[in-house]
Ligand code: ADP
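Numbering (this note's numbering), first residue to last: 323 to 724.
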């Protein structure tokens with residue numbers, strides 16, 4: 323069965339076509355700079371990559387191009403689009419409503435629209451992608467997989483903020499958490515690798531990419547996570563601040579006369595690693611600059627790892643018995659220095675890293691803790707698209723049986 327996975331960002335569409343349940347990637351690609359004069363279309367299948375540049379006005383046109391490429395007589399991978407049984411969509415915000423992936427109907431679309439104020443940058447393109455996919459893949463079932471769904475098990479005590487309760491009751495202001503598909507994927511993989519039931523593992527999952535978040539998983543379910551009402555909270559990220567004292571925002575407003583749009587730009591685009599280092603938001607460039615002696619780059623790495631360690635400590639405390647710590651996403655998978663520094667000094671708490679294994683491990687599934695370590699440490703490359711494809715496949719299978 324062929325399942326297409328679509329991830330619509332504000333000006334891009336990433337897509338992957340899988341053959342399920344074999345988990346085989348058949349084709350993939352990216353349409354970038356949608357809305358600009360020169361959009362870039364990348365499409366790959368087998369060992370062949372096609373790159374085209376022309377104007378793509380909106381997500382609808384982007385999806386049309388993807389549909390045409392997939393069924394193209396020369397470079398396509400299916401004869402007819404009806405051979406694609408399901409389309410799985412990444413949707414960032416599912417509010418408190420969606421505790422798992424959903425078959426898309428009018429009600430689901432209405433809810434995604436209702437949650438736009440909670441994710442103004444993400445839910446609109448996600449919804450546009452769904453509407454376009456319904457048009458260009460009319461015979462496929464459509465499934466929404468929410469970034470927030472895995473965190474709907476976070477209990478009230480961990481999701482409530484210390485502000486008047488009325489703001490939760492009336493406006494649903496609470497911790498939602500994000501990157502849920504990735505945290506769930508690596509947690510399930512850990513259970514598979516170690517031969518345990520998926521609901522029999524206590525884990526700390528560290529998703530460290532451009533956006534960074536960390537989750538405490540108890541008995542296979544998320545019980546706390548570092549991102550909050552928005553993806554700004556928690557760890558220091560590429561360009562986002564992570565945790566700050568809310569008093570800083572009041573100071574910006576009262577003493578520096580800053581407007582909300584300016585504050586948003588600073589906290590979302592100019593903070594985090596780039597804000598501290600002044601070098602880049604890309605960890606590779608920061609490491610390079612640090613190795614050449616740039617003190618601020620070194621300081622940015624130190625601050626980043628310090629924050630990760632602080633959250634690991636907090637989550638060890640709330641979990642009690644912990645089976646594993648997992649590192650994933652661009653930085654987590656590829657930067658041994660981050661893994662080492664974030665776990666440094668935790669030996670007394672049962673975390674002992676094997677330095678050699680850690681240093682040589684890049685983007686592969688591998689244990690990097692030593693034999694004496696009570697808590698296993700793993701690198702597990704994330705695969706959110708495959709997780710979305712699996713969920714979509716389950717719905718497609720059910721609909722075929724009916
Ligand atoms: P996104 O959150 O956009 O999916 P990624 O998971 O790709 O981002 O993470 C991007 C971060 O990971 C960047 O800081 C980048 O420097 C780092 N990174 C990605 N790949 C590598 C690599 N091969 N080696 C070192 N660092 C990497």
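A virtual CB, placed ideally from N, CA and C, is assigned to each residue, including glycine. Model, not experiment: these values are computed from the prediction.
Membership of residue 509 in the alpha helix (DSSP H) is indicated by the continuous run 502 to 516. Apart from the 5 residues on each side of it in sequence, residue 544 sits with its Cβ closer than 6 Å to the Cβ of 472, 473, 475, 476, 537 in its chain, given in chain order.
Runs of beta strand (DSSP E) with 3 or more residues, each lying fully within the segment 535 to 610, are found at 543 to 547, listed in chain order.
If you look at residue 649, you'll find it in the beta strand (DSSP E) that goes 646 to 650. At a Cβ-Cβ threshold of 9 Å, residue 701 and residue 650 count as neighbours. By the beta-carbon neighbour count (other beta carbons within 10 angstroms, threshold 16), residue 699 is buried. Not one heavy atom of the ligand ADP is found less than 8 Å from the C-beta of residue 598. Counting C-beta atoms within 10 angstroms of its own C-beta, residue 402 has fewer than 16 neighbours from the protein chains shown and is therefore classed as exposed.
Excluding residues up to 5 positions away in sequence, nothing lies with its Cβ nearer than 6 Å to the Cβ of residue 432 in the same chain. Within the segment 374 to 400, the complete alpha helix (DSSP H) segments at least 4 residues long are 381 to 392, listed from N- to C-terminus.
Taking every protein chain shown into account, the CB of residue 371 has fewer than 16 other CB atoms within 10 angstroms, so this residue is exposed. As computed with DSSP, residue 688 is found in a beta bridge with 701.
At a cut-off of 8 Å, the beta-carbon of residue 707 does not count as near the ligand ADP: no heavy atom of the ligand is closer than that. Relative to the Cα of residue 604, the nearest Cα in the group 561, 346, 459 belongs to 561. For residue 717, the three-state secondary structure derived from DSSP is helix. For residue 370, DSSP records a beta bridge to 367.
For residue 723, the shortest C-beta to heavy atom distance toward the ligand ADP is 8 Å or greater.
Around the CB of residue 521, fewer than 16 other CB atoms lie within 10 Å, so the residue is classed as exposed. Its Cα nearest to that of residue 336, the residue 706 stands out among 695, 721, 706, 602.
Taking 9 Å as the cut-off, the Cβ atoms of residue 566 and residue 589 count as close. In the DSSP annotation of this structure, the continuous segment of the alpha helix (DSSP H) that includes residue 664 starts and ends at 658 to 665.
Bridge pairing for residue 336: 329, 352 [DSSP].
Of the residues 575, 362, 665, the one whose Cα lies closest to the Cα of residue 624 is 665.
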